[in-house]
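Written out below as structure tokens is the structure these notes cover.
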Amino acid sequence: MDGTDRTVDAGPGLGARSAAELRLDPTRVAAARRILPTGDRAGLDRLAQLAARLLGTSGSQVSLLVDEQHVAAGTGAAAVGTTGPLSDSLCTVTAALPAGEALVVPDARADERVRDLPPVRSGTVGSYLGTVLTDPTGAPVGALCVFDPEPRPWASSEIATLRQLAGSVMTELQLAALLRRSEGDRIRWELATEAGGVGTWDWDQETGELTWDEQLIAMFGYGSEDFGRTIDAFDARLHPEDAEWVAEALQQAVGTGGEYDATYRIVRPDGETRWIHAHGRALVDGGGRTTRILGTAYDVTGEREEATRVTRVLEAMPAGFYSLDRDWCFTYVNAVAEKLLQTTRDELLGRELWEAFPAALHSVFEDRYREAVRTGEPVAFDAFYPAPLDGWFELRAWPSPDGLSVYFLEVTERRRVQEEAERVAQRLALLASVSADLAGPLDQHRAMEHLPQLVVPALADFCIVTVVDEDGRARDVGYWHADPELRPVLERYTEVRLDAMPPDSPAAVALRTGEQRRSLGPAVLDLLAPGESRDLLARLDPREAVVLPMRGRNRTLGLLTVYYSQVTPTRAENLATAQEVADRAGLALDNGRLYNAQQQLAEGLQRSLLTEPPEPDHAEIAVRYLPAAEAARVGGDWYDAFLQPGGATMLVIGDVVGHDTEAAAAMGQLRGLLRGVATYSDAGPGEVLRGLDASMTTLQIPTMATAAVARLEQTPDEVEQGVTRMRWANAGHLPPLVLTEEGQVAELGEWTGDLLLGVDPGTQRRESVATLRRGSTVLLYTDGLVERRDSDLDEGIQRLRAAVEELADLPLEALLDELLHRLVDGHPEDDVALVAVRLHPQDRPRPAAAGPARVPPTVPRDPAQD
Numbered sequence: 038m039d040g041t042d043r044t045v046d047a048g049p050g051l052g053a054r055s056a057a058e059l060r061l062d063p064t065r066v067a068a069a070r071r072i073l074p075t076g077d078r079a080g081l082d083r084l085a086q087l088a089a090r091l092l093g094t095s096g097s098q099v100s101l102l103v104d105e106q107h108v109a110a111g112t113g114a115a116a117v118g119t120t121g122p123l124s125d126s127l128c129t130v131t132a133a134l135p136a137g138e139a140l141v142v143p144d145a146r147a148d149e150r151v152r153d154l155p156p157v158r159s160g161t162v163g164s165y166l167g168t169v170l171t172d173p174t175g176a177p178v179g180a181l182c183v184f185d186p187e188p189r190p191w192a193s194s195e196i197a198t199l200r201q202l203a204g205s206v207m208t209e210l211q212l213a214a215l216l217r218r219s220e221g222d223r224i225r226w227e228l229a230t231e232a233g234g235v236g237t238w239d240w241d242q243e244t245g246e247l248t249w250d251e252q253l254i255a256m257f258g259y260g261s262e263d264f265g266r267t268i269d270a271f272d273a274r275l276h277p278e279d280a281e282w283v284a285e286a287l288q289q290a291v292g293t294g295g296e297y298d299a300t301y302r303i304v305r306p307d308g309e310t311r312w313i314h315a316h317g318r319a320l321v322d323g324g325g326r327t328t329r330i331l332g333t334a335y336d337v338t339g340e341r342e343e344a345t346r347v348t349r350v351l352e353a354m355p356a357g358f359y360s361l362d363r364d365w366c367f368t369y370v371n372a373v374a375e376k377l378l379q380t381t382r383d384e385l386l387g388r389e390l391w392e393a394f395p396a397a398l399h400s401v402f403e404d405r406y407r408e409a410v411r412t413g414e415p416v417a418f419d420a421f422y423p424a425p426l427d428g429w430f431e432l433r434a435w436p437s438p439d440g441l442s443v444y445f446l447e448v449t450e451r452r453r454v455q456e457e458a459e460r461v462a463q464r465l466a467l468l469a470s471v472s473a474d475l476a477g478p479l480d481q482h483r484a485m486e487h488l489p490q491l492v493v494p495a496l497a498d499f500c501i502v503t504v505v506d507e508d509g510r511a512r513d514v515g516y517w518h519a520d521p522e523l524r525p526v527l528e529r530y531t532e533v534r535l536d537a538m539p540p541d542s543p544a545a546v547a548l549r550t551g552e553q554r555r556s557l558g559p560a561v562l563d564l565l566a567p568g569e570s571r572d573l574l575a576r577l578d579p580r581e582a583v584v585l586p587m588r589g590r591n592r593t594l595g596l597l598t599v600y601y602s603q604v605t606p607t608r609a610e611n612l613a614t615a616q617e618v619a620d621r622a623g624l625a626l627d628n629g630r631l632y633n634a635q636q637q638l639a640e641g642l643q644r645s646l647l648t649e650p651p652e653p654d655h656a657e658i659a660v661r662y663l664p665a666a667e668a669a670r671v672g673g674d675w676y677d678a679f680l681q682p683g684g685a686t687m688l689v690i691g692d693v694v695g696h697d698t699e700a701a702a703a704m705g706q707l708r709g710l711l712r713g714v715a716t717y718s719d720a721g722p723g724e725v726l727r728g729l730d731a732s733m734t735t736l737q738i739p740t741m742a743t744a745a746v747a748r749l750e751q752t753p754d755e756v757e758q759g760v761t762r763m764r765w766a767n768a769g770h771l772p773p774l775v776l777t778e779e780g781q782v783a784e785l786g787e788w789t790g791d792l793l794l795g796v797d798p799g800t801q802r803r804e805s806v807a808t809l810r811r812g813s814t815v816l817l818y819t820d821g822l823v824e825r826r827d828s829d830l831d832e833g834i835q836r837l838r839a840a841v842e843e844l845a846d847l848p849l850e851a852l853l854d855e856l857l858h859r860l861v862d863g864h865p866e867d868d869v870a871l872v873a874v875r876l877h878p879q880d881r882p883r884p885a886a887a888g889p890a891r892v893p894p895t896v897p898r899d900p901a902q903d
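Residue numbers for the sequence shown follow our numbering, so the first one is 38 and each next one is one higher.
This is the structure:
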């Protein structure tokens, strides 16, 4: 495994604690139950998908562990929305580990902690990485994990990434729970206003818990200690004659997701009967299922005075309320408002709002309050009030003939959680952008040049990227400043700063040690001696600089230096994210250099198998090989040209099926076998192909290939006449093209190649013969020269013919170079191999009667007739 992490070897099954111990821990179970998601889980789903994408796994899962496992979100094989026994879950093993530990399982089938669990036995989990989800008290409430069906190693950077995502998951769960509670408070507030009640209640359908406020507990004759917090405590006080229909009314509200309204009798412990009026409203999830019923209740025994009812409403509501007269003076302040405003009602009544709270003047508070009074319409807004309140508030203000009424809630914690969730989302989005940029089509230099634009201003005020070349020389290759006017200054600084850096500078130390270095205040400027570099840095005016190494597998390959112009301290999470960006950039550099080295090695090996052509006295031979731009740069295309013992020139073009090292290895074997058959037997093209096919069968070479072989032959009479015979055979390959001395591509006649090599060694191989005049050019090529994704093969051959005719006057070497440029622009979609021969033109004028050179139609021949 690349990298290390703290793990616990706890033997088979669970770690430090068992499933039974986790289940029997009431505090932990209650903490997990409070954040169980209901309704919309899109945020959790996005985080689960991000975990799988960032760590490159087929599956991910968010589990909450109550008395059983709840799969809250996931991808791949994760069964979202299901539950299961704690003892069968790898997430339980994760949650059972001590705080701060990660469950790192490279090979689940060999790991005695998890190998007997059902997901491993079924083959769903072959490798696993999980980290515990803990609430603010440290209680383990669940786990975030990623997994694959096959074994794989886990890097320390991947473990760190999963832990960061786990924090985001907990933030999402806490925010959702907080919003649910906030929504419940809002509904209770509205119901209390509508009903004029004195107590509020909340019946959770998921847990069965019944919550009453202190006034309602006292109304029913309970004390805080003996109230059972279940529906049984309510039923115990109902009058026997009312119990049945009240239960039916409650169940109807649960079943329909509607409202509950009832006036019933209760019997207190002292025997007194009281009449209670209750009003409730169901809260349903996205599927229409009732999750909670919230409501109000008040004692209506002998109570008819409206003023008393209103006062009790205002005092009972779980929100602050105050009223102002037309002169902005307080006329009423409820108990919750006293607490939130940190001032008693006696101190506020009759006092002007702007005098009691001066920071509200010339702020959003004054603007919106005056807007409500001016327009006669209610307003709702969120606003921050500084010390001594130092908090965020959600407010609703209603104008009336008497002045203004204001309801308000403190939402500081909700805002904090929301802002933290937004910061985490931004950091994760930044990491995703960096990963996409480094893995995209840009080369290393362009990617490093663009990297600072992703970092600034999200993580720093300005930034410089330094890369160490293969020769060990450090160069600044990228920079960016949040202030466009300072970018030219920063550009010049990057051109001169490295030469001015002393050996003990943070950058030099970070390159040597691979450790992060940090400079504060004047120390940032004091690193440089007087001169241009120091003057430029003074104009940039950094208050803090942090040098982050971009580490590869075995060495530091560069630096990401981030600068801060603000006096406030750097956020720790920004630096952690910047270091992760640096680590990803270092790994990308390392991968790129490793790929380039392997690419050059593979291409060198490929080219070593393709030797230079001979130089016969009657012709010029030229060859080219160009690997595919998007493949592994090794493949099965080959060319060859050599002289047979009898003096004939043999030209070969071939293509082994496949585009990998196996195809390249097979190509080397076939090329050597064909050479051996041709030079030993001095046979013609058809017999050479037949011998090669037979050798492939005898030697059990498991491959298929196309090939075309052409032999240039001359008798003494043909030498005198200035003509050459081209005898050729084709095993499923594209036929040669012939360019006459007059610049025309000659027709070779209708002829279809024989079966591919490696299919049937008994296939009869036919030959064709064409007569060539001096100055003619023969071109053999592989299909990578003419095939395109957006056109068929015939169109590609027509493009080749047109290009050959247009370039006929070029020397042979230049002709091949220009063909590659025009047809594939140096970046072919498939490997390209070319071999061409140009017969030397006659050294005396051709008789006028000779006419233009033309190639007669090819004549198929049976090699047995030669």
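The beta-carbon is built from N, C-alpha and C at its ideal position, and this holds for glycine as well.
Everything numeric in this text was worked out from a predicted model, so none of it was measured.
Membership of R580 in any alpha helix (DSSP H) is not indicated, and neither H nor E is assigned to it by DSSP. The alpha-carbon separation between P173 and L59 amounts to approximately 17 angstroms.
Counting C-beta atoms within 10 angstroms of its own C-beta, N371 has 16 or more neighbours from the protein chains shown and is therefore classed as buried.
Taking L87 as the centre and dropping the five residues before and after it, the same chain places the C-beta of L202, L465, A469 closer than 8 angstroms to its C-beta, in chain order. V796 sits in coil when the DSSP states are folded into three classes, being neither helix nor strand. Per DSSP, the unbroken beta strand (DSSP E) holding R555 starts and ends at 554-557. DSSP lists V504 as the beta-bridge partner residues of R512.
P579 counts as buried, since at least 16 other C-beta atoms from the protein chains shown sit within 10 angstroms of its C-beta.
Distance from V117 to V108 at the Cβ level is roughly 5 angstroms; contact confirmed, criterion being Cβ atoms closer than 8 angstroms.
Assigned with DSSP and collapsed to three states, L565 falls in coil, not helix or strand. For I313, DSSP records a beta bridge to Y301, D336. Take the alpha-carbon of Q835 and the one of A519: they are about 54 angstroms apart. Ranking S442, P186, L210, E149 by CA distance to the CA of L84 puts L210 first. For P177, the closest of L386, A319, R70 by C-alpha to C-alpha distance is R70. The C-alpha of V782 lies about 29 angstroms from the C-alpha of L711. Beta-bridge analysis with DSSP links D269 to no other residue.
C-alpha of I738 to C-alpha of A703: approximately 8 angstroms in a straight line. For a cut-off of 8 angstroms, the C-beta gap from G691 to A659 is around 17 angstroms, too long to register as a contact. Runs of alpha helix (DSSP H) with 4 or more residues, each lying fully within the stretch 432-491, are found at 449-476, listed in chain order. Sequence-distant Cβ neighbours of D674 in its own chain, meaning closer than 6 angstroms and more than five residues away, are D692, T819, D868, A870. By the Cβ neighbour-count rule, V373 is buried, with 16 or more other Cβ atoms within 10 Å of its own.
Assignment of E804 by DSSP, reduced to helix, strand and coil, places it in the strand class. R748: member of the beta strand (DSSP E) spanning 742-750, first to last residue. Distance from the CA of A701 to the CA of L793, rounded to the nearest whole angstrom, comes to 17 angstroms. Going by DSSP, I834 is part of the alpha helix (DSSP H) stretching over 830-843. A Cβ-Cβ distance of about 7 angstroms is found for the pair R748 and T686, placing them in contact under the 8 angstroms criterion. Taking C-beta separations shorter than 8 angstroms and ignoring five residues to either side along the sequence, the partners of T614 in its chain run R464, L467, L468, L496, following chain order. Partner residues in the beta bridge of D677, as assigned by DSSP, are V689. According to the DSSP assignment, A417 belongs to the beta strand (DSSP E) that extends over 416-422. Taking a cut-off of 8 angstroms for Cβ pairs, the stretch 119-133 and the stretch 163-173 touch, as three or more such pairs fall below it. Rounded to whole angstroms, the gap between the alpha carbons of P277 and S159 is 56 angstroms. Scanning its chain for C-beta atoms nearer than 8 angstroms, with the 5 sequence neighbours on each side dropped, one finds around P415 the residues A409, R433, A434, W435, P436, in chain order. In the three-state DSSP reduction, Q603 falls in the coil class, being neither helix nor strand.
The beta carbon of V321 lies closer than 8 angstroms to those of G294, T327, T328 in the same chain, with the five residues before and after it left out.
DSSP, read as helix, strand or coil, puts G96 in strand. Q758 and V775 have their C-alpha atoms roughly 19 angstroms apart.
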